[in-house]
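Just below is one structure, and these are the notes that go with it.
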Amino acid sequence: GLVAGIIFACFTVVIRSQVAKVTTIEKLTELDEYKPIKLYTKTESSPRICIVSYNAPLYYANSELFLKHIHRETTVKPEKMRKVLKRLMTLNDPMHSNKKKLHDSKIVEMETVTPQPQVDSSQAANGDMSKTNADRMVTHRVSIIGPLPNLDPRPFLYLIIDCAPFTFVDPVGIKMLKQLIEDYKTVGITTFLGGVRDNVWTTMENSGFTQKYERVIFLTVHDAVLAAEEDKRKKNHPLPEVGAKK
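Heads up: the sequence shown runs through residues -17 to -1, 1 to 229, numbered per mature numbering (1 follows the signal peptide of the UniProt record, and there is no 0).
See the structure below:
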């Protein structure tokens, strides 16, 4: 009976971690609490900041699934975003070929009336009039060569993960967090971790995670949001130089 109970408990934990999903959360109006936007209507979003929560522990059995859910919920998969940014860099490169610059151009078509020589009545009578009023409308194609507007395809510049639901994290989960932070960094998106539990912090510390990423870990999600807002004010966030992933 005891063994069966232990097996059932372990099985339940695994199943719950497999069905857990990443949800977007926002700040409740006039409060510092962050709740799922699907359940609460009176929330406030922070421009260029995406906040998500994952209601399950992070360990070997669900770490890959966690990453997939992050990509799906945020709509940003770093691998695909790198390709988009690289294409934008190519189009805006002043040394690019003329053929490619054509895609950079703004093409404007406009109709203008071109003055026609006056035709006297004798010419008209002899059938020499070759132009009519309708023919005098000439379409000119004007090409304005110039770089594309600096449109940023990234929907957010900061990704904040609510780690409060992480009851525990194993070394595989720590590795996945490292991968996530570094992947989003390649497309100029900064990742912050908020609400990290004491036991999770201990695991991070023992694995050496905090030695490199301590500055992105915050006591609460709200602290992480405030840090992101402050960092955003200090930077103009140009499009990152995108190359091959290291």
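Glycine residues also receive a C-beta, built at the ideal position from the N, C-alpha and C atoms.
Quick caveat, the model's predicted, so the values are computed rather than measured.
Cβ neighbours of residue 139 in the same chain (closer than 8 Å, five flanking residues each side left out)
31, 32, 33, 57, 59 and 172
Using a threshold of 9 Å, state whether the C-beta atoms of residue 200 and residue 175 are closer than that.
yes
Taking its Cβ as the centre, do 16 or more other Cβ atoms sit within 10 Å of residue 191, making it buried, or is it exposed?
exposed
Can you pull the DSSP bridge partners for residue 177?
145 and 201
Can you tell me whether residue 25 is buried or exposed? The criterion is at least 16 other CB atoms within 10 Å of its CB, across all chains shown.
exposed
To the nearest angstrom, how far is the alpha carbon of residue 28 from that of residue 10?
7 Å
Would you mind giving the Cβ-Cβ distance between residue 149 and residue 68, rounded to the nearest angstrom? I have them listed as a contact below 8 Å.
The Cβ separation is near 31 Å, so there is no contact.
From what residue to what residue does the alpha helix (DSSP H) around residue 73 run?
61 to 74
Beta strand (DSSP E) containing residue 9: first to last residue?
5 to 11
For residue 260, which option in 51, 219 and 168 has the closest C-alpha, if you only look at C-alpha atoms?
Absent from the structure is residue 260, since the part of the chain shown begins at -17 and ends at 229.
Name the DSSP bridge partner or partners of residue 34?
143
Taking just the CA atoms, how far does residue 203 sit from residue 36?
12 Å
Which same chain residues end up closer than 6 Å to residue 186 when comparing Cβ atoms and leaving out the 5 residues on each side of it in sequence?
152
Using 10 angstroms around the beta-carbon of residue 219, count the other beta-carbons present and answer buried if the total reaches 16, otherwise exposed.
exposed
Roughly how many angstroms lie between the CA atoms of residue 214 and residue 16, to the nearest whole one?
21 Å
Do you know how far the Cα of residue 179 is from the Cα of residue 146?
5 Å
For residue 177 and residue 183, the rounded distance between their alpha carbons:
12 Å
Bridge partners of residue 18, per DSSP?
9
Going by beta carbon distance, what residues of the same chain come within less than 8 Å of residue 47, once the five residues before and after it are set aside?
159
Buried or exposed: which applies to residue 181, given that a residue is buried once 16 or more other Cβ atoms fall within 10 Å of its Cβ?
exposed
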